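Residue numbers (our numbering), protein chains in the order written: chain A, 20 to 129; chain B, 91 to 206. We put the CB at the ideal spot given by N, CA and C, even for glycine. Predicted model only: the values in this text are computed from it and were never measured. For reference, the structure discussed in these notes is given below.
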């Protein structure tokens with residue numbers, strides 16, 4: 020039972036353009052949403068988060084949007100840089116734990 | 091501040107053998123997590139400790155997996171006996187509080203296990 024879905028396994032974007040990564044979830048009771056970034060041979064690192072009482076949170080080049088009616092979460096990276104190439108996981112807080120999506124591989128071409 | 095330490099980084103064993111992984115969380119972090127990440131999937135929580143007590147082990151295959159966190163600091167995860175489907179990266183993470191403002195977890199580099 021996949022509670023968090025990232026339907027795009029990979030995304031390729033030109034340097035300087037916008038990257039949009041998407042995530043869908045099933046349970047309207049989830050109250051906190053996070054994005055993690057993972058480089059090869061490293062553990063995931065926290066990127067940005069948003070509470071269910073908000074619909075947007077911005078941190079530099081990264082913005083997360085939350086559409087509660089659609090149960091949809093997206094991460095926008097503007098402008099994209101080659102160093103952003105990584106696997107991006109969305110995660111939701113469920114009780115005392117995090118549930119992760121399968122991840123999207125982002126490749127930023129220079 | 092030192093990050094989460096894990097060892098070994100890589101391990102190759104044959105099925106039915108046993109293996110153990112070690113994790114040292116960030117100093118002062120009360121909550122420790124073990125995740126299993128199978129290729130092409132996101133991390134899946136196996137067990138969560140608060141200090142040296144288990145908070146959640148609902149997804150831990152208890153017939154073969156065990157974990158302990160003696161003294162509420164470092165932790166070991168053991169698999170005995172290993173199966174082919176246990177091939178995965180085992181990630182350890184820690185956080186200062188279960189109810190922190192951002193609920194941020196800090197991950198170690200992981201141990202890549204290959205079962206032949």
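Within 10 angstroms of its Cβ, does residue i collect 16 or more other Cβ (buried), or is it exposed?
| i | result |
| --- | --- |
| residue 96/A | buried |
| residue 40/A | buried |
| residue 127/A | buried |
| residue 31/A | exposed |
| residue 104/A | buried |
| residue 102/A | exposed |
| residue 137/A | Outside the shown range of chain A, which is 20 to 129, sits residue 137/A, and nothing can be said about it. |
| residue 153/B | exposed |
| residue 144/B | exposed |
| residue 55/A | buried |
| residue 88/A | exposed |
| residue 97/B | exposed |
| residue 129/B | exposed |
Using a Cβ-Cβ cut-off of 8 Å (strictly less than) and excluding sequence neighbours within five positions of residue i, which residues of its own chain qualify?
| i | result |
| --- | --- |
| residue 50/A | 70, 71, 112 |
| residue 160/B | 142 |
| residue 92/B | 116, 117 |
| residue 57/A | 63, 64, 105, 106, 107, 108, 122 |
Going by Cα to Cα distance, which pick from the options is closest to residue i?
| i | options | result |
| --- | --- | --- |
| residue 165/B | 146/B, 124/B, 172/B, 175/B | 124/B |
| residue 52/A | 22/A, 80/A, 62/A, 38/A | 22/A |
| residue 60/A | 139/B, 180/B, 135/B | 180/B |
| residue 92/A | 43/A, 62/A, 67/A | 43/A |
| residue 174/B | 98/B, 102/B, 94/B | 102/B |
| residue 148/B | 24/A, 114/A, 29/A | 114/A |
| residue 27/A | 117/A, 118/A, 108/A, 129/A | 108/A |
| residue 140/B | 178/B, 118/B, 112/B | 118/B |
| residue 99/B | 206/B, 199/B, 105/B | 199/B |
| residue 77/A | 90/A, 94/A, 63/A, 62/A | 94/A |
| residue 77/B | 96/B, 97/B, 111/B | Nothing can be reported for residue 77/B, as the shown portion of chain B is limited to 91 through 206. |
| residue 151/B | 135/B, 162/B, 163/B | 135/B |
| residue 123/A | 106/A, 34/A, 110/A | 106/A |
| residue 84/A | 100/A, 98/A, 99/A, 67/A | 67/A |
| residue 36/A | 63/A, 98/A, 119/A | 98/A |
| residue 100/A | 73/A, 116/A, 74/A, 81/A | 81/A |
| residue 116/A | 163/B, 201/B, 196/B, 138/B | 138/B |
From the DSSP output, read off the bridge partner residues of residue i.
| i | result |
| --- | --- |
| residue 101/B | 203/B |
| residue 124/A | 29/A, 106/A |
| residue 66/A | DSSP output for residue 66/A lists no bridge partner at all. |
| residue 118/A | 111/A |
| residue 119/B | DSSP, once it has assigned bridges, lists no residue as partnering residue 119/B. |
| residue 89/A | Bridge partners of residue 89/A: none, in fact. |
| residue 92/B | In the DSSP output, where bridge partners are listed per residue, residue 92/B has none listed. |
Identify whether residue i lies in helix, strand or coil by the three-state DSSP scheme.
| i | result |
| --- | --- |
| residue 174/B | helix |
| residue 147/B | coil |
| residue 134/B | strand |
| residue 78/A | strand |
| residue 129/B | coil |
| residue 50/A | coil |
| residue 43/A | strand |
| residue 57/A | strand |
| residue 24/A | strand |
| residue 161/B | helix |
Suppose the cutoff is 6 Å on Cβ atoms and the five residues either side in sequence are ignored; what does the same chain contact list for residue i look like?
| i | result |
| --- | --- |
| residue 133/B | 125, 127, 181 |
| residue 115/B | 94, 122, 184 |
By Cβ distance below 7 Å, which residues in the same chain neighbour residue i in space, the five residues on each side in sequence not counted?
| i | result |
| --- | --- |
| residue 156/B | 168 |
| residue 46/A | 22 |
| residue 176/B | 169, 203, 205 |
| residue 158/B | 165, 166 |
Chain D partners of residue i, CB-CB under 7 Å?
| i | result |
| --- | --- |
| residue 146/B | Note that chain D does not occur in the displayed structure, where the protein chains are A and B. |
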